[in-house]
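Just below is one structure, and these are the notes that go with it.
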Amino acid sequence: MPETNKKVLILSVNDEDKDIVFRPADTLLGVLRGKLGLTGAKPGCLNGDCGACTVLVDGIPMKSCIMLAIEAEGHKVTTIEGLINTKTQASFIKHFAFQCGYCTPGFIMVCHSLAEKQPHADKAVIKEWMQSNICRCTSYQEIEEAVASILAEE
Amino acid sequence: MIPVDFDYYKPESIEEAARLHEQLDRQKMLPLYYSGGTEIITLLRLDLIQTKAVIDIKAIHECREHILGEDYLVLGSSLTLTQIEERNAFPLLTSVSKEIADHTARNKITLGGNICGEIFYREAVLPLLLTDSLFVIGGPQGVKILPAHEAFQQTMQLGRGEFLIQTLTRKDFLGMPYMSVKIRQQWETGYPLVTIAALKAKGEIRAAFSGLCSFPFRSKRMEDELNRKDGTLDVRMDRALRHIPAPVLNDIEGSAEYRLFVLKNTLTDILTVWEVEQNA
Ligand SMILES: Cc1cc2nc3c(=O)[nH]c(=O)nc-3n(C[C@H](O)[C@H](O)[C@H](O)COP(=O)(O)OP(=O)(O)OC[C@H]3O[C@@H](n4cnc5c(N)ncnc54)[C@H](O)[C@@H]3O)c2cc1C
Ligand code: FES
Ligand code: FES
Chain A
3 MPETNKKVLI
13 LSVNDEDKDI
23 VFRPADTLLG
33 VLRGKLGLTG
43 AKPGCLNGDC
53 GACTVLVDGI
63 PMKSCIMLAI
73 EAEGHKVTTI
83 EGLINTKTQA
93 SFIKHFAFQC
103 GYCTPGFIMV
113 CHSLAEKQPH
123 ADKAVIKEWM
133 QSNICRCTSY
143 QEIEEAVASI
153 LAEE
Chain B
64 MIPVDFDYYK
74 PESIEEAARL
84 HEQLDRQKML
94 PLYYSGGTEI
104 ITLLRLDLIQ
114 TKAVIDIKAI
124 HECREHILGE
134 DYLVLGSSLT
144 LTQIEERNAF
154 PLLTSVSKEI
164 ADHTARNKIT
174 LGGNICGEIF
184 YREAVLPLLL
194 TDSLFVIGGP
204 QGVKILPAHE
214 AFQQTMQLGR
224 GEFLIQTLTR
234 KDFLGMPYMS
244 VKIRQQWETG
254 YPLVTIAALK
264 AKGEIRAAFS
274 GLCSFPFRSK
284 RMEDELNRKD
294 GTLDVRMDRA
304 LRHIPAPVLN
314 DIEGSAEYRL
324 FVLKNTLTDI
334 LTVWEVEQNA
């Protein structure tokens with residue numbers, strides 16, 4: 003199959019097409035950080051548990067540590083670097099929704115997607131989506147406020 | 064980072080996937096069907112499985128089908144759990160699915176991956192067992208359809224090169240009263256201490272479990288005891304628990320004794336609600 007012999011992958015990341023020399027075993031997280039220098043998505047557990055590596059694929063949150071880069075071909079990948087000057091970013095700053103900041107990109111990605119997909123989400127849905135991410139510094143109160151303010155605005 | 068290399072194939076038909084598997088198997092490539100890939104990536108990274116070739120089945124049309132037909136709900140094995148939840152054609156499956164992993168992980172975890180995976184909870188199989196669903200399986204010998212209880216006995220019973228294409232659930236089961244309860248040791252996401260899915264079909268209670276033993280199961284013998292009309296609820300419960308088909312797990316998540324305690328209480332709650340409703 004052609005896929006298997008591929009050495010170069012074209013990935014659409016933050017609205018730019020990137021040619022990447024890759025191994026089929028490369029995870030999306032590995033390629034974003036190691037090949038594209040986009041270090042906003044963070045390696046945490048690498049198991050799909052913590053959410054620090056979350057990016058959007060066609061607007062849907064995905065944990066990039068449990069996705070192969072080749073699976074993202076043909077789809078639009080958005081990383082935290084692609085959300086500069088968005089309302090979501092501003093809201094996290096306004097509400098001091100972080101301490102060390104390691105988990106912040108992941109939380110922002112989920113929040114951004116939720117606001118786009120379900121701007122009228124109720125508390126149960128907000129909780130369901132946001133529970134995908136863990137904050138070791140326990141900034142949950144402020145994160146909740148930031149998320150609530152974004153959804154209220156939408 | 065995944066420390067080993069493998070080839071990646073993305074066939075577009077059932078036949079092509081089965082042929083590829085056969086060919087790669089002959090070449091000693093230890094091929095694996097790849098659906099959501101979350102478990103394969105994790106286990107490869109930890110060096111707990113080996114493969115030199117993965118066959119991604121997500122481009123196979125039948126594996127992506129999501130159809131509420133005249134008689135059956137068709138669920139492709141590569142549908143993600145959130146796709147199934149959002150459509151919500153099978154409320155009991157939605158209810159069980161929503162408790163698996165977390166929302167973002169469920170954007171990637173697939174129905175087939177959950178049922179066929181190595182991680183033994185396989186909670187998504189419970190509603191399919193309770194509704195006598197059918198499993199459509201493809202492989203080198205073509206396509207066959209088996210009842211869920213034959214295709215799934217502790218684990219998926221797949222022959223060499225076979226893979227799950229779809230599940231079929233009769234529509235009349237989709238609207239039946241159901242309950243599902245997942246009890247965890249702590250937190251609100253994660254693996255279960257015990258998950259119970261229950262369905263009331265024509266006045267009879269059906270129940271299936273995950274996290275109780277080292278495999279998920281539905282036990283007709285337990286159901287028969289629960290449905291007996293003689294004896295108090297407590298007595299029927301004790302009789303049912305005698306038919307748990309294997310040793311109850313006794314691990315870091317919880318002792319066997321604690322699991323049984325939780326199971327009995329939760330089942331009692333479910334039965335009480337339904338029997339009160341019935342007698343009302
Ligand atoms: C963060 C996280 C939390 C989790 N929590 C839970 C939980 O609460 N409850 C629970 O039940 N599970 C849980 N899991 C486990 C998860 O459901 C399984 O690991 C599941 O296998 C992942 O699905 P996948 O589609 O990514 O599988 P994949 O990685 O694609 O495949 C897993 C295995 O199944 C085989 N396979 C996949 N599809 C098919 C098919 N159609 N036919 C034949 N073989 C196939 C593959 O070859 C592989 O061996 C969790 C996983 C993660 C990452
Ligand atoms: S690093 Fe991906 S979920 Fe933790
Ligand atoms: S702010 Fe430090 S992990 Fe969340």
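Protein sequence lines correspond, in order, to chains A and B. Under the numbering used here, the residue at position 142 of the first sequence is numbered 144, and the numbers go up by one with no gaps. Under the numbering used here, the residue at position 138 of the second sequence is numbered 201, and the numbers go up by one with no gaps. Cβ atoms here follow ideal geometry from the backbone N, Cα and C, with glycine treated the same way. Computed from a prediction, not measured in an experiment: that's the story for all the values here.
DSSP three-state call for residue i: helix, strand or coil?
i, result
"P63 of chain A", "strand"
"A52 of chain B", "Outside the modelled stretch of chain B, which goes from 64 to 343, sits residue 52 of chain B, for which no answer is possible."
"K245 of chain B", "strand"
"A126 of chain A", "helix"
"H306 of chain B", "coil"
"I123 of chain B", "coil"
"A164 of chain B", "coil"
"D344 of chain B", "Outside the shown range of chain B, which is 64 to 343, sits residue 344 of chain B, and nothing can be said about it."
"A152 of chain B", "coil"
"L323 of chain B", "helix"
"L85 of chain A", "helix"
"E386 of chain B", "Since the first and last residues shown for chain B are 64 and 343, residue 386 of chain B lies out of range."
"A283 of chain B", "According to the sequence displayed, residue 283 of chain B carries Lys and not Ala. Note: K283 of chain B maps to helix in three-state DSSP."
"A92 of chain A", "helix"
"E75 of chain B", "coil"
"P4 of chain A", "For P4 of chain A, the pLDDT reaches just 45, beneath the cut-off of 50, and the residue's location in the model is therefore unreliable, although a value from the coordinates is still provided. It is helical."
"V188 of chain B", "helix"
"L153 of chain A", "helix"
"G175 of chain B", "helix"
"V67 of chain B", "coil"
"D88 of chain B", "helix"
"V157 of chain B", "A small correction: the amino acid at residue 157 of chain B is Thr; Val does not occupy that position in the sequence shown. Three-state result, T157 of chain B: helix."
"T114 of chain B", "coil"
"R82 of chain B", "helix"
"D19 of chain A", "strand"
"R25 of chain A", "coil"
"I147 of chain B", "helix"
"L107 of chain B", "helix"
"D301 of chain B", "helix"
"D332 of chain B", "helix"
"L95 of chain B", "strand"
"V339 of chain B", "helix"
"E288 of chain B", "helix"
"L312 of chain B", "coil"
"L193 of chain B", "helix"
With a cut-off of 8 Å, does the C-beta of residue i fall near any C-beta of chain E?
i, result
"T105 of chain B", "Within the model displayed, chain E is absent; protein chains A and B are what it includes."
Exercise. Return the residues of the stretch 14-30 of chain A that lie within a Cβ-Cβ distance of less than 9 Å from chain B, sorted by chain order.
Key: Listed in sequence order: R25, P26, A27, D28 and T29.
Exercise. Mind listing which residues have their beta carbon within less than 7 Å of any non-hydrogen atom of ligand 3? Chain order is fine.
Key: Cβ atoms closer than 7 Å to ligand 3 belong to A:F100, A:Q101, A:C102, A:G103, A:Y104, A:C105, A:T106, A:C137, A:R138, A:C139 and A:S141.
Self-check item: Chain-ordered residues of the stretch 184-202 of chain B with a beta carbon less than 7 Å from chain A
Solution: From the stretch 184-202 of chain B, no residue has a Cβ closer than 7 Å to chain A.
Exercise. Assess, as a yes-or-no matter, whether the stretch 218-225 of chain B is touched by the stretch 129-146 of chain B under the definition of 3 or more beta carbon pairs within less than 8 Å.
Key: Cβ pair count under 8 Å is below three, so no.
Practice problem: With 8 Å as the C-beta to C-beta threshold (strictly closer), list the residues of the stretch 102-121 of chain A near chain B in chain order. | Solution: Correct list: V112.
Quiz prompt | Contact residues within the stretch 35-57 of chain A, judged by C-beta distance below 7 Å to chain B | solution = So the list reads L48, N49, G50, G53 and T56, given in the order they occur along the chain.
Self-check item: Meets three-Cβ-pair contact criterion under 8 Å: the stretch 165-177 of chain B and the stretch 85-92 of chain B
Solution: Inter-segment contact for the stretch 165-177 of chain B and the stretch 85-92 of chain B is absent: fewer than three beta-carbon pairs are separated by less than 8 Å.
Quiz item: What alpha helix (DSSP H) runs, 4 residues minimum, are completely inside the stretch 204-253 of chain B?
Solution: The stretch 204-253 of chain B is shown to contain whole alpha helix (DSSP H) runs of 4 or more residues at 211-214 and 234-237, in chain order.
Practice problem: Check each residue of the stretch 123-147 of chain A: if its Cβ is closer than 7 Å to any Cβ of chain B, include it; give the result in chain order. | Solution: For the stretch 123-147 of chain A, which is checked against every Cβ of chain B, the residues closer than 7 Å are E130, W131, Q133 and S134.
Exercise. With 7 Å as the C-beta to C-beta threshold (strictly closer), list the residues of the stretch 86-101 of chain B near chain A in chain order.
Key: If the cut-off is 7 Å between Cβ atoms, the stretch 86-101 of chain B has G100 and T101 near chain A.
Quiz prompt | Stretch pair the stretch 147-162 of chain B + the stretch 94-113 of chain A: three plus CB contacts closer than 8 Å | solution = No, the stretch 147-162 of chain B is not in contact with the stretch 94-113 of chain A.
Practice problem: Would you mind listing the beta strand (DSSP E) stretches within the stretch 27-78 of chain A that are 3+ residues and don't spill past its ends, in chain order? | Solution: Runs of beta strand (DSSP E) with 3 or more residues, each lying fully within the stretch 27-78 of chain A, are found at 56-59 and 62-65, listed in chain order.
Exercise. Note down, one range per segment and in chain order, each alpha helix (DSSP H) of at least 4 residues found wholly within the stretch 96-148 of chain A.
Key: Listed in chain order, the complete alpha helix (DSSP H) runs (minimum 4 residues) inside the stretch 96-148 of chain A are 106-119 and 125-132.
Quiz item: Can you list, in chain order, the residues of the stretch 60-92 of chain A whose Cβ is nearer than 8 Å to any Cβ on chain B?
Solution: Listed by position, the residues of the stretch 60-92 of chain A near chain B (Cβ gap below 8 Å) are I62, P63, M64, K65, C67, I68, M69, L70, I72 and E73.
Quiz item: Going along the chain, which residues of the stretch 157-182 of chain B sit with their C-beta nearer than 8 Å to a C-beta in chain A?
Solution: Here the close residues are K161, A164, D165, H166, T167, A168, N170 and K171.
Quiz item: Given a limit of 9 Å on CB to CB distance, which residues of the stretch 227-249 of chain B reach chain A?
Solution: Answer set for the stretch 227-249 of chain B: empty.
Quiz item: Should the stretch 309-317 of chain B be regarded as contacting the stretch 272-282 of chain B, the criterion being three or more beta carbon pairs within less than 8 Å?
Solution: Enough Cβ pairs lie closer than 8 Å, so yes.
Quiz prompt | chain A contacts made by the stretch 109-134 of chain B, where a contact means CB separation under 7 Å | solution = Listed in sequence order: no entries.
Exercise. Would you check if the stretch 115-126 of chain B and the stretch 77-89 of chain B touch, i.e. whether three or more CB-CB distances between them fall below 8 Å?
Key: Contact between the stretch 77-89 of chain B and the stretch 115-126 of chain B is established, with three or more Cβ pairs separated by less than 8 Å.
Exercise. Determine which residues of the stretch 70-85 of chain B have a Cβ less than 8 Å from any Cβ of chain A, and write them out in chain order.
Key: Answer in chain order: D70, Y71, Y72, K73, P74 and L83.
Quiz prompt | Contact the stretch 69-83 of chain A vs the stretch 21-28 of chain A: 3+ CB pairs below 8 Å | solution = Contact holds: three or more Cβ-Cβ distances are below 8 Å.
Quiz prompt | chain A contacts from the stretch 307-324 of chain B (Cβ-Cβ distance under 7 Å) | solution = Residues are counted here when their Cβ sits less than 7 Å from a Cβ of chain A; for the stretch 307-324 of chain B the count is zero.
Self-check item: Interface residues of the stretch 251-263 of chain B facing chain A [CB-CB below 8 Å]
Solution: When CB distances to chain A are screened at a threshold of 8 Å, the residues of the stretch 251-263 of chain B falling below it are E251 and T252, in chain order.
Quiz prompt | Three CB pairs or more closer than 8 Å across the stretch 112-122 of chain A and the stretch 51-61 of chain A | solution = The stretch 112-122 of chain A, when compared against the stretch 51-61 of chain A, does touch it at the 8 Å Cβ threshold.
Quiz item: Can we say the stretch 114-127 of chain A touches the stretch 65-75 of chain B, given the rule of at least three CB pairs closer than 8 Å?
Solution: These segments do not touch.
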